[in-house]
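Novice: The structure's right below; bear with me while I get my questions together.
There are 2 protein chains.
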Amino acid sequence: MYLTQRNQYALRAIVELARQVGKGPVKVSEIAKAQAIPLRFLEVILGQLKGSGLVDAKRGYYGGYFLLRQPEDITVGSVVRFLQGEPDLKECQSCISNRQCPFENNCAFASLWSRVNEAVFNIYDETTIKDLVPDEPVARF
Amino acid sequence: MYLTQRNQYALRAIVELARQVGKGPVKVSEIAKAQAIPLRFLEVILGQLKGSGLVDAKRGYYGGYFLLRQPEDITVGSVVRFLQGEPDLKECQSCISNRQCPFENNCAFASLWSRVNEAVFNIYDETTIKDLVPDEPVARF
DNA sequence: ATATTCTCGACCCTTTTAGTCGAGAAAGCA
DNA sequence: TGCTTTCTCGACTAAAAGGGTCGAGAATAT
Chain D
-8 MYLTQRNQYA LRAIVELARQ VGKGPVKVSE IAKAQAIPLR FLEVILGQLK
42 GSGLVDAKRG YYGGYFLLRQ PEDITVGSVV RFLQGEPDLK ECQSCISNRQ
92 CPFENNCAFA SLWSRVNEAV FNIYDETTIK DLVPDEPVAR F
Chain W
-8 MYLTQRNQYA LRAIVELARQ VGKGPVKVSE IAKAQAIPLR FLEVILGQLK
42 GSGLVDAKRG YYGGYFLLRQ PEDITVGSVV RFLQGEPDLK ECQSCISNRQ
92 CPFENNCAFA SLWSRVNEAV FNIYDETTIK DLVPDEPVAR F
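Residue numbers (my numbering), protein chains in the order written: chain D, -8 to 132; chain W, -8 to 132.
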């Protein structure tokens, strides 16, 4: 739900891939430059992202990263879920251990947290990567 | 939006005060015990909370903390806002500095973050402390 | 006086997050 | 073949955030 800098970088990297869809693999260095992300850090992030099945990479001269699905078929929710996993909100986050919950597992906070989480993921799930790609500036003549 | 352990402790402390409303000041040690919060840490938290105008304290023998408003008049939103301040969501959180935003301040993320934030605070604002106080177990005979 | 309870600032420790680095492996090119 | 490019992998470091503690002082009641 709360997105770290790293996870925002990941999203922006995917957006950049979406922006260049159809132009073949995009180099990490290119993404890093376009999105102002530290290069070596981005390498790590994209490496992780490969595990999601959303992107893949090719090495060598014409190498780089590319999307495995259309931008409109990738939701922010699916990316976020992959990056941080779904939090276990059935159990109240206020209680370190469930055994010593001061409300004896009848805790009103649990419902609050899960409602919040649901609201957030509703938004994430209805937002696709395509929605995040900036519109091309209209050509002037 | 994202609540730290500390901020959840704060909320639970207030809930405990609400639970005991009308019984005079509640000692920190009592709150700590009831809500399973580390005592010395709770002292710090309640000290901060005094600045919100929602609670106040009295020292000495019959001292302790107490609410300055009715539980139903305190929203979770007002507490959270005091604890963490409203994030500055007009500007995209992805960009370290606004000057070097790769999207040139026309960033689709900004809208996403603010929609998420709004959704979360809608829930926080419509939830009062009273809603979080567990129902008294019905007396059986 | 004295016991009680909040008050204040400084302090410490652990975990998370951000970011870097060097060497290696695949892919293309000459 | 050998050279260049670009991803790949694991280890590593640094900074920040978060959680929690402590001692001494100040108000309040008996």
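Yeah, the Cβ is synthetic: ideal placement off N, Cα and C, and Gly gets one too.
These numbers were taken from a predicted model, which means no experiment stands behind them.
Just to confirm before moving on: does the CB-CB distance between P111 of chain D and A4 of chain W stay below 9 Å?
Specialist: Sequence inspection shows Val at residue 111 of chain D; the Pro mentioned does not correspond to that position. Contact: no.
Novice: Let's see if you can read the secondary structure: which residues bound the beta strand (DSSP E) around D47 of chain W?
Specialist: V46 to K49
Novice: Three Cβ pairs or more, each shorter than 8 Å: is that satisfied between the region 15 to 25 of chain W and the region 61 to 73 of chain W?
Specialist: Too few Cβ pairs lie closer than 8 Å, so no.
Novice: Anyone know if the C-beta pair for R10 of chain D and V124 of chain D falls short of 9 Å?
Specialist: yes
Novice: Which residues of the region 16 to 42 of chain W have a Cβ closer than 8 Å to any Cβ of chain D? Give them in chain order.
Specialist: A25, Q26 and A27
Novice: Rounded to whole angstroms, what's the CA-CA distance from E105 of chain W to T119 of chain D? Just pull it up for me.
Specialist: In the sequence under discussion, the amino acid at residue 105 of chain W is Ser, which differs from the Glu named in the question. Taking the straight line from one Cα to the other gives about 16 Å.
Novice: In this structure, how does DSSP classify L59 of chain D when only helix, strand and coil are distinguished?
Specialist: coil
Novice: Kindly indicate which three-state DSSP category V19 of chain W falls into: helix, strand or coil?
Specialist: helix
Novice: According to a CB-to-CB cut-off of less than 8 Å, which residues of the region 104 to 131 of chain W neighbour chain D?
Specialist: For the region 104 to 131 of chain W, the residues whose beta carbon sits under 8 Å from a beta carbon of chain D are, in order, R106, V107, A110, V111, N113, I114, Y115, T118, D122, L123, V124 and P125.
Novice: Are the beta-carbon atoms belonging to V46 of chain W and L33 of chain W less than 9 Å from one another?
Specialist: no
Novice: Run through chain W and tell me which residues come within less than 9 Å of Y53 of chain D, C-beta to C-beta.
Specialist: None at all; the shortest Cβ gap to chain W is about 24 Å.
Novice: At a Cβ threshold of 9 Å, is L74 of chain D touching chain W?
Specialist: By this cut-off, L74 of chain D is not an interface position.
Novice: For Y52 of chain W, count neighbouring Cβ atoms within 10 angstroms of its own Cβ and tell me buried if that reaches 16, exposed if not.
Specialist: exposed
Novice: Give the range of the alpha helix (DSSP H) segment to which V67 of chain D is assigned.
Specialist: V67 to Q75
Novice: If you follow the alpha helix (DSSP H) that I36 of chain W is in, where does it begin and where does it stop?
Specialist: Here the alpha helix (DSSP H) through I36 of chain W covers L30 to K41.
Novice: Nearest by alpha-carbon distance to Y115 of chain W: which of W:R50, W:P29 and W:F73 is it?
Specialist: Looking only at W:R50, W:P29 and W:F73, the smallest Cα-Cα distance to Y115 of chain W is reached by W:F73.
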